[in-house]
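K.L.:
Sequential numbering of the sequence shown, starting at 1, is according to full-length UniProt numbering. Glycine residues also receive a C-beta, built at the ideal position from the N, C-alpha and C atoms.
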Amino acid sequence: MAYKNERRRSENDVLDKQSEREMPFLRINFILMAIAGIMIVLGFLLMAGGSSDWGAFNPDIFSTRRIVVGPTIAFLGFIFMGVGIMFSRNKK
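1) For the alpha helix (DSSP H) containing Gly37, list its first residue and its last residue.
2) What span of residues does the alpha helix (DSSP H) with Val81 cover, start to end?
3) Classify Ala56 as buried or exposed, calling it buried when 16 or more other Cβ atoms lie within 10 Å of its own Cβ.
4) My understanding is that Leu45 touches Gly84, with C-beta atoms under 8 angstroms, so please give their C-beta distance in whole angstroms.
5) So what's Phe57 in DSSP terms, helix, strand or just coil?
6) What number of angstroms, rounded off, separates the C-alpha of Thr72 from the C-alpha of Ser63?
7) Measure the Cβ-Cβ separation of Met47 and Gly70 and say whether it is below 8 angstroms.
8) What is the DSSP secondary structure of Arg66, counted as helix, strand or coil?
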């Protein structure tokens, strides 16, 4: 009886170690994806504007921040998200 319990423990330990090695995402992947998510949100916030008056033209809608900087940061965030998902450490 004691032999079976010891055997089960050792099998469980092996399974736990295997599952840690076979996890699809490592800690670094989650960090990279979090950074990418922050970049995406920041890009959309830079594209957002304040309230506008329907009766008046607001030239701020054509600002460099809204047309160039915000979309660029959001696009780079989406690219970085793919990098974060695909990144893996090569342990040799």
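P.N.:
Reading off the structure:
1) 27-47
2) It is Met, not Val, that sits at residue 81 in the sequence shown. From DSSP, the alpha helix (DSSP H) with Met81 extends over 70-86.
3) exposed
4) 20 angstroms between Cβ atoms; not a contact.
5) coil
6) 14 angstroms
7) yes
8) helix
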